[in-house]
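Presented below is the structure to which this report refers.
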Amino acid sequence: MKIVYILAAILIFGLLIAVHEFGHFITAKLCGVKVNEFSIGMGPLILQKQKGETEYSLRLLPIGGYCAMEGEDEDTGDSRSFVRQPLWKKFVILVAGTVMNFLTGLVIVLVLFAGAGGFYVDQLAGFAEGFPLEGEDGLMVGDIIYKVDGYRTYLRGDTSMFLSYNDGQGVDLEVIRDGEHIVLEDFPMYRRDYDGTGQERFGISIGAAVVPGNFVTRLQYSWYQALDYVQLVWFSLVQLVTGNVGVQELGGPVMIMDTIAEVGAASETAALAVRNIASIAAMIAVNLAVMNLLPIPGLDGGRILFLAVDGVSLLLFKRKVPEKYQAAINMVGMVVLLGFMLLITVKDVFQVFR
């Protein structure tokens, strides 16, 4: 049965990448850019049909796809090539893949939340004995936790996650009490041993408040869930940069596919497995959206960064950065990214099959 979920995971990755490329494709068409080929899948060709100026391909490996535009990295002399388009059209085309991934994740969440009877948010449920900061000037039972160290707590569990990465030397908190937002900057809430067990903790107990489910709150919390996925990516990147998370803790496609297979196999019913896997697919879709916008050469975000550089260069010097230099930098960036992904994949394979 697990092999079925592994195949499902591969299909999910393929579909999400294909959706990303479709975003580039449809906006390129709408912007009048010539598209030479749009492919679903990678590798050996299975089917191909020419329609107008574009070849539509179906390829063997369900691991993505691509949108091959005329003159993506060099001026081919065609007035409809990508490089000859105004900056705003280039931006729309480049950002469209990310938008499609985000919308895909949001739509999946909307479907999953369509019948939700309510939503849980973090609420203070109690304090350890001897907790010194309870009261109107501090924290009170029933406070809804709104932010921790600047990060919004959209849904239940966010508070515990953000606090787990706090250095234990004070916290920035924002809570909602009786409808009023109360900001507690540099709040002197420290980790300490409250019960003599040697375990240091903040001394608060996190429970849950229920927001009733209706049409409006389902839309609202679907949006919140998508934003929570975005925030989780940025939070993870910050922890990586600051050294709180090591590279060895990163997971690539192999680890994600193994997780999907494990979640699917552990689900009690097929319907629950579909629901759980769909939730992971939504998270992956939003992750792809955010990661592709990082200003790194080889990613859409890197190419968008070059658009900004071009805009400044045109404004100041009346000329753009030559496409050949941009193409070379993007190629180097892609090689580095592929090498990094290869290392992560090798690590994942050893972890999964050891």
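Residue numbering for the sequence shown is -8 to 345, as defined by the working numbering.
Just so you know, even glycine gets a beta-carbon here, dropped at the ideal spot from N, CA and C.
Looking only at its own chain, which residues have a Cβ that is under 6 angstroms from the Cβ of residue i, when we skip the five neighbours before and after it?
i           : result
residue 10  : 91 and 95
residue 328 : 289
residue 168 : 134
residue 47  : 29 and 40
Using only CA atoms, which one of the options lies nearest to residue i?
i           : options               : result
residue 174 : 132, 205 and 128      : 128
residue 318 : 260, 64, 80 and 7     : 64
residue 197 : 147, 53, 315 and 293  : 147
residue 121 : 322, -3, 294 and 193  : 193
residue 163 : 17, 13 and 141        : 141
residue -4  : 267, 216, 299 and 275 : 267
residue 42  : 113, 27, 188 and 209  : 27
residue 336 : 296, 89 and 244       : 244
residue 373 : 315, 182, 323 and 35  : Missing from the structure shown is residue 373; the chain here goes from -8 to 345 and no further.
residue 353 : 237, 87 and 229       : Summary: the structure shown does not reach residue 353, with the chain confined to residues -8 through 345, and so no result is reported for it.
residue 125 : 70, 195, 136 and 324  : 195
residue 85  : 269, 71, 101 and 58   : 58
residue 226 : 149, 4, 20 and 324    : 149
residue 297 : 102, 325, 184 and 312 : 312
residue 203 : 231, 246 and 112      : 112
residue 156 : 234, 276, 101 and 179 : 234
residue 118 : 264, 186, 270 and 212 : 186
residue 98  : 340, 270, 115 and 17  : 270
residue 181 : 12, 158 and 332       : 158
residue 275 : 330, 236, 216 and 232 : 216
residue 5   : 49, 130 and 231       : 49
residue 222 : 139, 22, 209 and 188  : 139
Please work out which residues of its chain come closer than 8 angstroms, Cβ to Cβ, to residue i, disregarding the five sequence neighbours upstream and downstream, and give them in chain order.
i           : result
residue 282 : 224 and 290
residue 24  : 60, 61, 71, 72, 73, 76, 80 and 84
residue 66  : 72, 74, 75 and 314
residue 14  : 87, 88, 89, 90, 91 and 92
residue 179 : 124 and 161
residue 209 : 101, 104, 105 and 107
Residue i bridges to which residues according to DSSP?
i           : result
residue 59  : 28
residue 361 : Beyond the ends of the chain as shown, which are -8 and 345, falls residue 361; an answer cannot be given.
residue 117 : 196
residue 50  : 36
residue 45  : 42
residue 125 : 130
residue 175 : 164
residue 110 : 202
Starting from residue i and walking both ways along the alpha helix (DSSP H), at which residues does that stretch end?
i           : result
residue 264 : 261 to 283
residue 221 : 206 to 233
residue 145 : No alpha helix (DSSP H) holds residue 145; DSSP gives it neither H nor E.
residue 156 : From DSSP, residue 156 is part of no alpha helix (DSSP H); its letter is neither H nor E.
residue 74  : It is not in any alpha helix (DSSP H) - residue 74 carries neither H nor E in the DSSP assignment.
residue -5  : -7 to 21
residue 139 : Looking at the DSSP string, residue 139 is not in any alpha helix (DSSP H); the run it does join, the beta strand (DSSP E), is 135 to 139.
residue 255 : 244 to 257
Take residue i and list the residues in its own chain whose beta-carbon comes closer than 7 angstroms to its own, dropping the five residues that flank it on each side.
i           : result
residue 123 : none
residue 293 : 286, 287, 321 and 324
residue 184 : 190 and 191
residue 218 : 145
residue 37  : 49, 50 and 51
residue 45  : 26, 27, 28 and 29
Terminal residues of the continuous beta strand (DSSP E) containing residue i?
i           : result
residue 165 : 160 to 168
residue 287 : Counting along the chain, residue 287 falls outside any beta strand (DSSP E), and DSSP gives it neither H nor E.
With contact counted as at least three CB pairs below 8 angstroms, one residue from each stretch, are the segment 69 to 79 and the segment 102 to 119 in contact? no
Touch check for the segment 254 to 267 and the segment 79 to 87: three-plus C-beta pairs under 8 angstroms? no
Would you check if there are 3 or more beta carbon pairs closer than 8 angstroms linking the segment 17 to 37 to the segment 302 to 316? no
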